[in-house]
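For reference, the structure discussed in these notes is given below.
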Amino acid sequence: MEPIRAPFFVGLIGFALGVVLLVAWWLIAVPTTVLLRFLHGLFFGLGMLLFVTGGFLALCTGMVYLLYYFKQPRAAAATK
613 MEPIRAPFFV GLIGFALGVV LLVAWWLIAV PTTVLLRFLH GLFFGLGMLL
663 FVTGGFLALC TGMVYLLYYF KQPRAAAATK
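When we follow our numbering, the leftmost residue of the sequence shown carries the number 613, and every step to the right adds one.
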């Protein structure tokens, strides 16, 4: 199940990074200078990209990861 674990965690990290960028975008509020206007647009664009794609990747691979985790055979708990 190793191949599905990496995309799941990459999706979670991308989702979290997108949230951080969107919060930074929101905190800039109204950009006054050219640099702040550039950062405002950059944070929004990258934040939305990471938020949406990371969330979608984590959602899709998370379902497969959970199904595998709960359906895998268990070892016998009590041995004689």
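We put the beta carbon where it would ideally sit given N, CA and C, even for glycine.
- Query: Which stretch, first to last residue, makes up the alpha helix (DSSP H) that contains Arg649?
  - Reply: Val646 to Lys683 is the span of the alpha helix (DSSP H), which, as asked, contains Arg649.
- Message: For Phe663 and Gly653, I'd like the C-alpha separation in whole angstroms.
- Response: So the two alpha carbons sit approximately 15 Å from each other.
- Query: Buried or exposed: where does Phe650 fall if 16 or more other Cβ atoms within 10 Å of its Cβ makes it buried?
  - Reply: Exposed: under 16 other Cβ atoms inside 10 Å.
- So what does DSSP say about Val642, is it helix, strand or coil? The answer is coil: DSSP assigns Val642 none of H, G, I, E or B.
- Is Trp638 buried or exposed, if buried means 16 or more other CB atoms sit within 10 Å of its CB? Around the CB of Trp638, fewer than 16 other CB atoms lie within 10 Å, so the residue is classed as exposed.
- Given a threshold of 16 other Cβ atoms within 10 Å of its Cβ, counted over all protein chains shown, does Thr673 qualify as buried or as exposed? With 16 or more other Cβ atoms from the protein chains shown falling within 10 Å of its own Cβ, Thr673 counts as buried.
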